[in-house]
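Peer 1: Residue numbers (this note's numbering): 1 to 630. From the three backbone atoms N, C-alpha and C, an ideal C-beta is built for every residue, glycine too.
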């Protein structure tokens, strides 16, 4: 059991930490700017579709390839096209941290896109969900703008929990001392936040502008208040989500904020024309010592013909800190952010971001920090299920190439060397082409959309091809289209004078006429029922003979009642002059022959009570007499 627990722990660490460090490898930001951190140094990208001055976010897959990116209002897929349903998100165009993308723990398909508005908008902190299994792997937004809390400032950040799997997502309430921490686990997002009351209250619009950032280890939170000339450093409890113990840091026009990778230094950048970046040593001691440790990393930048305007800071996946400047084609770089003072090695023109066309705005991508270390110290056993197509092969972690379905075992050293070894148990599934033969019924004038998206209008057999859910060769459809005509039904019926009649449509009428009812048949096509309803009297429905001659000559030997088509059943009782019942039937068939208990009854007058049951379930009680003559 102990070995099993250790294996599970190592499995979770490997999957959620080692693989997640690639989530931030691609940055898209600013005015069509981008950086690829899969290379060292990072390589500029010029394929972005986004033009954004401030807040933005991007996310890569477990191998460092871009999945999608957003400005908080639109989401673009890896092909730099607007994602299906990916417009109209509630992030603000001038929000400092308009969006944050967080993967659902232990799920490579579901991603949460959190958004906050700009200060001037009374829009709640919200989230949308992207499902990357849709649209052939390009993704689609399935849930959009689900409200969480509001109003909020334009500050949005998040961190891994202490288990290295789940997340905290943090936003700042507007014009109050409230912070909300939302828990995102393998189950999903808990809509009930952890609420903390801590720090100062800033109500002015300009005071509330700025960033929020959590330290890499999740122990500290820093929030900037731009024109208030104030930043506040808090303790963050990574286990409970509670924010507490504020420390004031006086920084004029504080905007961008970021922690060093080792959590020992805090960097704050002013939004202004001299591009000041301040370093604070969080190991200095008391709050006063931390304030007094302030070191101006960047002196005022003076360039002939123009001035710099700086604002944004971000920690890159290469553990360097990057600073951005409005309408410049480069980023500043703090190369050694863990070092004190000038040893942090700031270079103003540290890297060009997209020669020729791209300019950076105020904001760099807002991202979750993933530590590069794996805390696993034991051997691990990983179980996977891999799907490939019939014409494909799969390379095992050790390099062996296989193509047949089956269970494969493979062992390698852990990539970072922290676990003795990793044993893989891989269940390889091979999918072939799927063929589907089906029939479809549509109504006249309607169309049918084939699985590939084509629209057809006519009857016939159609062949259509579609990539299946595992991206294998195809699903081949043979679809027989049938057009069902409108059906017409004519009914003739009657009702007695004074009675009502319920039409097939449910409408109740009480008079003769031709009535039309419209229905939908089993496949949804029109069905028309026409009723010719005739109102009749009792005399028109039932003719009762007042005498008969049961003498055995074959003529008029039984009592005949002519009920035509009005009645489905006649209940009959016959009595003698003394009131004794001599005949009874629940459904008279014109078969009484003037006998009782197998004896011939004498001539004379007899009395009857007739209960006539109509086809519309109405009843008619009729009394009278009949005479036997011989």
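(1) Using a 10 Å radius around the Cβ and a threshold of 16 neighbouring Cβ atoms, would you call residue 81 buried or exposed?
(2) Determine the direct distance from the alpha carbon of residue 512 to that of residue 549, and round the result to whole angstroms.
(3) I want to know whether the stretch 530-545 touches the stretch 609-626 - three or more CB-CB distances under 8 Å.
(4) Going by DSSP in three states, residue 636 sits in which element: helix, strand or coil?
(5) Classify residue 290 as helix, strand or coil using the three-state DSSP reduction.
(6) Would you say residue 179 and residue 215 are within 8 Å of each other, going by their C-beta atoms?
(7) Return the residue from the list 454, 226, 363 and 101 that minimises the CA-CA distance to residue 670.
(8) What residue range does the beta strand (DSSP E) around residue 279 cover?
(9) Just checking, does the stretch 19-33 make contact with the stretch 63-77 on the three C-beta pairs under 8 Å criterion?
(10) How is residue 353 classed by DSSP in three states: helix, strand or coil?
(11) Does the distance from the C-beta atom of residue 95 to that of residue 154 stay below 8 Å?
(12) For the putative contact between residue 315 and residue 369, defined by C-beta atoms under 8 Å, what is the C-beta separation to the nearest angstrom?
(13) Residues in the same chain with beta-carbon distance under 6 Å from residue 207, minus the five sequence neighbours each way, listed in chain order, please.
(14) So which of 441, 289 and 264 has the shortest CA-CA distance to residue 339?
(15) Could you check whether residue 271 and residue 232 sit closer than 8 Å to each other, using their CB atoms as the reference points?
(16) Who does residue 182 pair with in a DSSP beta bridge?
(17) Using the C-alpha atoms, what's the distance from residue 432 back to residue 364?
(18) Check whether the stretch 117-127 and the stretch 139-149 are in contact - that is, three or more C-beta pairs closer than 8 Å.
(19) Using 8 Å for Cβ pairs, my map puts residue 267 next to residue 313. What's the rounded Cβ distance?
(20) Hey, could you find the ends of the beta strand (DSSP E) residue 270 is sitting in?
(21) Between which residues of its own chain and residue 75 is the CB-CB distance below 6 Å, once the five residues before and five after are set aside?
(22) Give the straight-line distance between the Cα atoms of residue 345 and residue 336, rounded to the nearest whole angstrom.
(23) Rounded to whole angstroms, what is the Cα-Cα separation between residue 129 and residue 43?
(24) Looking only at DSSP bridge pairs, what is residue 224 linked to?
(25) Nearest-angstrom Cα distance between residue 22 and residue 119?
(26) I'd like the span of the beta strand (DSSP E) that includes residue 569, first residue to last.
(27) Would the beta-carbon of residue 503 fall within 8 Å of that of residue 517?
(28) Tell me the rounded alpha-carbon separation between residue 427 and residue 386.
(29) For the beta strand (DSSP E) holding residue 327, just list the boundary residues, first then last.
(30) Who are the near neighbours of residue 505 in its chain, counting only those whose CB is closer than 7 Å to its CB and skipping five residues on each side?
(31) Would you mind giving the Cβ-Cβ distance between residue 557 and residue 593, rounded to the nearest angstrom? I have them listed as a contact below 8 Å.
(32) Work out the CA separation of residue 536 and residue 626 for me, nearest whole Å.
(33) Whole angstroms are fine: how far does the CA of residue 525 sit from the CA of residue 563?
(34) For residue 48, collect the residues of the same chain with a Cβ closer than 6 Å to its Cβ; drop the 5 residues on either side in sequence, then sort them by chain order.
(35) Note down, in chain order, each residue of its chain lying with its Cβ closer than 8 Å to the Cβ of residue 304, except the 5 sequence neighbours on either side.
(36) When the Cβ atoms of the stretch 102-119 are set against those of the stretch 156-173, are three or more pairs found closer than 8 Å?
Peer 2: Taking the definition as stated:
(1) Flag for residue 81 reads exposed.
(2) 39 Å
(3) Because the criterion of three Cβ pairs below 8 Å is met, the stretch 530-545 and the stretch 609-626 touch.
(4) There is simply no residue 636 to check, as the chain begins at 1 and stops at 630 in what is shown.
(5) Of the three classes helix, strand and coil, the one that applies to residue 290 here is helix, per DSSP.
(6) no
(7) The structure shown does not extend to residue 670, since the chain spans only 1 to 630, so no value can be given for it.
(8) 277-281
(9) yes
(10) coil
(11) A contact, by the Cβ cut-off of 8 Å.
(12) 7 Å
(13) 225, 227 and 228
(14) 264
(15) no
(16) 169
(17) 45 Å
(18) yes
(19) 6 Å
(20) 265-270
(21) 68, 83 and 86
(22) Roughly 6 Å between the two C-alpha positions.
(23) In this structure, the CA atom of residue 129 is about 30 Å from the CA atom of residue 43.
(24) 231
(25) 32 Å
(26) 567-575
(27) yes
(28) Looking at the two C-alpha atoms, the distance is approximately 6 Å.
(29) Careful: residue 327 lies outside any beta strand (DSSP E) and carries neither H nor E.
(30) Excluding its 5 nearest sequence neighbours in each direction, residue 505 has C-beta neighbours in its own chain below 7 Å: 517, listed in chain order.
(31) 6 Å
(32) Distance from the CA atom of residue 626 to the CA atom of residue 536, rounded to whole angstroms, is 25 Å.
(33) 39 Å
(34) For residue 48, where only same-chain residues beyond five positions count, the Cβ hits under 6 Å are 28, 32 and 34.
(35) With a pLDDT of 49 at residue 304, under the threshold of 50, the modelled position of this residue cannot be trusted; read the value that follows with caution. There are no such residues.
(36) Remark: three or more beta-carbon pairs, one from each stretch, lie closer than 8 Å, so the stretch 102-119 and the stretch 156-173 are flagged as touching.
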